[in-house]
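Scroll down for the structure; my scribbles are underneath it.
Residue numbers (my numbering): 12 to 328.
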């Protein structure tokens with residue numbers, strides 16, 4: 012049995028280094044060439060493979076009922092181009108230089124969070140699956156490393172190779188990756204050691220049934236929200252920010268820190284979550300093609316949730 016486990020571990024490592032080498036070589040290609048590949052791939056995904064076309068179409072249609080079918084189609088088509096750009100830009104992340112990345116992924120409002128750190132306070136940052144969220148992990152390049160420790164929460168993937176490849180890129184520029192199940196433990200540890208931390212929370216996906224505590228209107232849908240980020244930020248009394256991302260042009264983004272509150276414990280329950288929802292919706296409406304529309308964000312309805320919580324009905328998924 013131990014021999015088989017060792018053999019399996021060896022095969023996984025071989026697969027990891029093989030794909031790492033492949034992605035590294037591809038990442039050395041110039042960005043204009045990768046974007047050209049992206050344009051070709053987007054046509055294939057949109058017209059041939061039709062990757063999640065129904066999900067994307069319905070999400071956009073129900074989120075923007077006042078727009079004409081033509082305008083919604085344009086949002087949909089641009090989403091696929093951006094989605095493929097995101098894949099290619101994530102590959103480029105394997106070898107992109109600090110100088111080039113700082114040109115392409117700029118941060119504004121950094122002085123606000125540095126002000127929090129100088130006061131000895133940690134910061135929690137809300138953001139969404141918008142723009143190039145993978146490049147957001149380059150934020151340590153913009154912050155004095157003496158002031159804080161930059162952390163990222165993530166869900167471990169079942170596929171070992173994919174999981175390790177993503178972790179490599181996310182820690183390239185100094186970020187510390189913390190699994191969701193150990194997040195509070197490590198944040199309390201850093202706080203007790205007197206280390207201010209900056210933690211990003213991507214909280215715009217659909218929560219599981221047993222994690223739903225709050226609903227609000229979002230893009231014309233009654234929407235359930237993850238509230239774990241709010242509970243953590245209140246428990247640790249962190250300064251709370253929202254990262255407002257803009258796509259300037261192809262391959263170029265600006266992310267601006269916007270302060271929500273420095274007194275999270277004084278806010279009513281779910282106030283932080285609602286602020287995040289409102290600010291994210293404003294970001295999406297400004298540039299709707301750059302959010303992750305392929306995610307089944309509204310697969311769980313409030314009606315079904317009420318039947319489950321009050322009627323003891325077992326959820327479908």
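Glycine residues also receive a C-beta, built at the ideal position from the N, C-alpha and C atoms.
Query	Result
Just mark residue 59 as buried or exposed, buried being the case when its beta carbon has 16 or more other beta carbons within 10 Å.	exposed
Check residue 95 in the structure and name its three-state DSSP category.	helix
Which residues in the same chain as residue 279 place their Cβ atom closer than 8 Å to its Cβ, once the five residues preceding and following it in sequence are excluded?	none
Would you kindly check if the distance between the Cβ of residue 127 and the Cβ of residue 331 is under 8 Å?	There is simply no residue 331 to check, as the chain begins at 12 and stops at 328 in what is shown.
I'd like to know whether the C-beta atoms of residue 217 and residue 132 end up nearer to each other than 8 Å.	no
Starting from the N-terminal side, write out each stretch of the alpha helix (DSSP H) that is 4 residues or longer and does not extend beyond the region 98-153.	109-115, 121-129
Would you list the residues sitting across from residue 164 in a DSSP beta bridge?	189
If you reduce the DSSP assignment to three classes, tell me which class residue 232 lands in.	strand
Tell me the residue span of the beta strand (DSSP E) that contains residue 271.	263-272
So residue 32 and residue 268 are in contact, right, with Cβ under 8 Å, and what is the actual spacing, rounded?	With a Cβ gap of about 37 Å, residue 32 and residue 268 do not count as contacting.
Is residue 197 helix, strand or coil by DSSP?	helix
Buried or exposed for residue 168, please, with buried defined as at least 16 other CB atoms from any protein chain shown within 10 angstroms of its CB.	exposed
Can you pull the DSSP bridge partners for residue 258?	264
Just to confirm the assignment, what range does the beta strand (DSSP E) spanning residue 210 have?	208-213
Between which two residues does the alpha helix (DSSP H) harbouring residue 216 extend?	Careful: residue 216 lies outside any alpha helix (DSSP H) and carries neither H nor E.
From the DSSP output, in three-state form, read off residue 304 for me.	coil
Using CA coordinates, which residue listed in 180, 222, 257, 203 is at the minimum distance from residue 100?	180
If I measure Cβ to Cβ from residue 185 and keep anything under 6 Å in the same chain, skipping five residues before and after, which residues do I get?	151
Taking the alpha-carbon of residue 276 as reference, which of 137, 253, 85, 242 has the nearest alpha-carbon?	242
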